[in-house]
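Note sheet for the following structure.
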Amino acid sequence: MDSAFAIADSALNAQQTEIAITSENVANAQTPGYSTETANLKTLPGGETGGGVEVASIAQSQNLMLATNARQASGALSNLTALQHVMTGIQNVFPLGQTTSSSSSSTTTNTGLAGQLANFWSAWDAVAQDPSGSAPRTEVVNLAQGLSTTLQESSVQLAQLSANGVTELGDQVTQINSLLGEVGKLNSAVVQTEGAAGNPDAIEDQMQSVLGQLSQLAGVNVSYAADHTANVTVGGVSLVQEANVSNVSLVDNAGSYSLESNPGAVPLGISSGSAAGLLAGLNQYIPQFQGDLNDVADTLSATVNGQLAAGFTAAGAPGGPLFTGTGAANIGVAAAIVADPSLIAASSTAGAAGANDGSNAQVMAEFASSQTGADSRYQNLVQSVGSITENVNTQVSAQGAVANQAQSALQSATGVNLDQELTHLMSFQANYQASAKLLTVIDATMQSLLQAV
Amino acid sequence: MTSIDPSMPITYSPAAVANTMVEGLATDQNNLASLEQQVSTGFAINSPSDNPEGAANLLQLNASLTRFTQYQTNAADGKGWLEAGNGAVNSVLDVLHQVQSIVESVSGAQLAGNGSELPSLAEQVSSALSEISNLANTTYENGQPIFGGTGNATQAYDSSGNYLGAGNAPTRTVAPGTQIAVSLTGPQVFGTGTSGLLSQTSGSLGVLSQIVSDLQSGTPASISNVEGSDLQSLNAAIQTVEGAASTLGANQQAIEQFSAQATQTAGALQQQLGSVQDVNMASAITNLQLQQTAYQAALWATSQLSTDDLAKYL
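Chains as they are written, first to last, in this note's numbering: chain A, 160 to 612; chain B, 1100 to 1413.
Structure follows, in structure tokens:
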């Protein structure tokens, strides 16, 4: 009879533990990184019938392969998303400049740099029509100033984009370092808990959550040691080994940015996570389009100044340059011409014989159609920005689906299914009631036995 | 840490389902936003990444359109010049024909023994000369002398009939790489020196001044000059002016053709631009409605997500 009591008691204990585990699962259904726990029951030895039941262990439905997949997919997505932000920023610097909604009959004004260029060239024809008038010349000067302002502003916006990227990258490095520190602490905690024969599941869950965040920032590689500590490698450089943590620092090498380990100063070959996307934007795309913009500015000033040098001012003197400075950031309009537009070399004839000559301006206007001119270079720039951005957009949506699927697969394998938990709960409840009933039956049997004595 | 029991079936946790639904909603929202932008702006391409090739094409078409609109303006301006030039040259011809009939009448008047008419004839030719001098200084709307070439901004001839201009007649660009002269220089119309119409410099009198001078002197020798060499020079000068009139007329016709061509090209460019740039409203609005329906369906499905679980029935 004692053994019957003991068996019923063990059953009650086991069911209570099961209910506690279910309760834990339901409570953590939305906790990031949480993996469903299940109790492994085991028969207790004892006597001929056996000694009842016990909870041998609490299993956690970790799935390392799916977790790694999900981490890698989300790291790749963060990489692309960060790049997408940079590219969208670059693209916004070069608006198409459509201002009016047009049916095919109405005229579209074009206010972007392309439109300004077209208007600039047209203004030279107006000078050719009235070489001795001052209004068309003033218009050329105004449009030239507008062009140089737009070029300067675009250049400043790109520089600002770069500066913002560096600030963001700096913030991310801070976050990466704090997360790496956490991994180190969790590693020590795992060792301690297991040393004290405790259950490290909760720590493992936290670890998964931290590693997930770290992957989104820097695309980590994780390997597990025999003592269940996580070793973290970023871009081929080991950063966390048990409780030993190296930091990451951002290095600015004359405008080319990289991450390296600190201490050690080993460059990280980072290729995933938002830091990788930002680095690509900062090191590759922003400089590329800054360069293309400079090329547009330099081509414009070389074309215009070159043609002006072949011409003569209203007074018949050799022509001087209209644009000054090199690169989009420094382009400007010559102060002498701003002060006196008659110095624009519209004439092709030296001396007084060219007093009413606008043929040099006429030649200038035809540069609008040049296949190698500033206009076509700017068109190439816009097409290039557009195709890279389009490409990144496509990749983001494709990778988004991949990351989402990987996350769903992980969730399905390790996440909490409430229906399942509640079904378990009902069966545990029934079992518990049955065990309790058993106790009353044993008790009643005991009573009748005692009364019989 | 224990790994998952391989015999356990894959279950779909609500979190996984929610993930998928949120992703679906985000995609729907993106599509919706893009369609809404298209409908509200009327542009199929709102940023270069919508269609990189199309965006570059659009800039190119816009630039060409601006260029061809400018060609139209250039042609209109050139046409104005040519009309003014043609008008002036035709007036010159009228005046010259009057002079011609005066000169031809001289011998008859002389035969009738009526020499007293000569001063008045000289007077008439002299006033014709000043009329032609005025016409030679015809200016366009903005004050540029149309027969001054590119050399003078205010005046083609001074009061003694000396040419002040220089260079060739101005041209206008009316098509890529095509320039048309919108006038002729003074010498091309009025000739130069003694064979020219306008010179009043003694020692090298122009045709008209020579006639005036011969009529004024009235000697038999000078009268026979009027009938002979003067009339010949006058006829030669008239031929030059007629030649000029036909050149200007031909150029005017050419510039009108180019203008029509530029207008046609601009129209074609505009149409091309429209096909690249403009959204097809009918299809965009239909798509927008379809997308809205899809989005609403997805929203509804999401709203059903969390309401159904076992807890409700326990």
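From the three backbone atoms N, C-alpha and C, an ideal C-beta is built for every residue, glycine too. Nothing here was measured: the structure is a model prediction, and the numbers come from that model.
The Cβ atoms of Y1256(B) and L1220(B) do not sit closer than 8 Å to each other. Among the residues facing chain A, G1247(B) is included, as its CB has a counterpart in that chain under 8 Å away. Classified as exposed, K596(A) has fewer than 16 neighbouring CB atoms from the shown chains inside 10 Å of its CB. Assigned with DSSP and collapsed to three states, I217(A) falls in strand.
For a Cβ distance threshold of 7 Å, residue set Q542, G545, S546 and E549 of chain A lies close to P1151(B), ordered along the chain. Between G1250(B) and A512(A), the C-beta spacing is below 8 Å. At a cut-off of 8 Å between beta carbons, Q316(A) makes no contact with chain B.
Comparing alpha carbon positions, the residue from N539(A), G510(A) and G450(A) closest to G478(A) is G510(A). Going by DSSP, D411(A) is part of the beta strand (DSSP E) stretching over N406 to N412.
Beta bridge pairing from DSSP links L200(A) with V214(A).
The C-alpha of G486(A) is placed about 52 Å away from the C-alpha of V1188(B). Contact of Q1136(B) with chain A is not assigned, every C-beta pair being separated by 8 Å or more. The beta-carbon distance between G517(A) and A498(A), rounded to whole angstroms, is 21 Å. This is too long to meet the 8 Å contact definition.
At a cut-off of 8 Å between beta-carbon atoms, Q1128(B) makes no contact with chain A.
Take L302(A), set aside five residues on each side of it, and the residues of its chain with a beta-carbon closer than 8 Å to its own are Q275, N278, F279 and A282, in chain order.
Taking 8 Å as the cut-off, the beta carbon of L1368(B) is found closer than this to the beta carbon of F1167(B). Interface with chain B (8 Å Cβ-Cβ cutoff): S281(A) is included. Under a criterion of Cβ atoms nearer than 7 Å, the residues of chain A adjacent to T1165(B) are, in order, A277, N278 and S281. DSSP places Q400(A) in the strand class (E or B) of the three-state scheme.
Boundaries of the alpha helix (DSSP H) around E363(A): D360 to A377. Counting only residues of its own chain and dropping the five nearest sequence neighbours on each side, A241(A) has a CB closer than 6 Å to the CB of S433, G436 and L437. Annotation: the continuous beta strand (DSSP E) that includes S415(A) extends over S415 to N421. Distance between A474(A) and Q304(A), taken at the CA atoms: about 23 Å. Following the DSSP letters along the chain, one finds I1279(B) inside the beta strand (DSSP E) bounded by residues T1277 to A1280.
The beta carbon of E341(A) is closer than 6 Å to those of V369 in its chain, skipping five residues each way along the sequence.
By the CB criterion at 8 Å, T1293(B) and G1305(B) fall inside the cutoff. If you look at T392(A), you'll find it in the beta strand (DSSP E) that goes A389 to V393.
Sequence-distant partners of L373(A) (beyond 5 residues in either direction) whose C-beta falls short of 6 Å from its own C-beta, in its chain, are L338 and V379. DSSP places A568(A) in no beta strand (DSSP E) but in the uninterrupted alpha helix (DSSP H) bounded by A533 to T573. Neighbourhood of N515(A) in chain B, by CB distance below 7 Å: Q1243, G1247, T1249, G1250, N1251 and A1252, in chain order. Note on geometry: alpha-carbon atoms of Q400(A) and E363(A) lie some 16 Å from one another.
Per DSSP, the beta bridge partners of D1377(B) are F1142(B). Distance from the CA atom of V1378(B) to the CA atom of A361(A), rounded to whole angstroms, is 55 Å. Between the alpha carbons of V492(A) and S460(A) lies a gap of roughly 10 Å. Chain A has a Cβ within less than 8 Å of the Cβ of A1115(B).
The Cβ atoms of G1177(B) and R1271(B) lie closer than 8 Å to each other.
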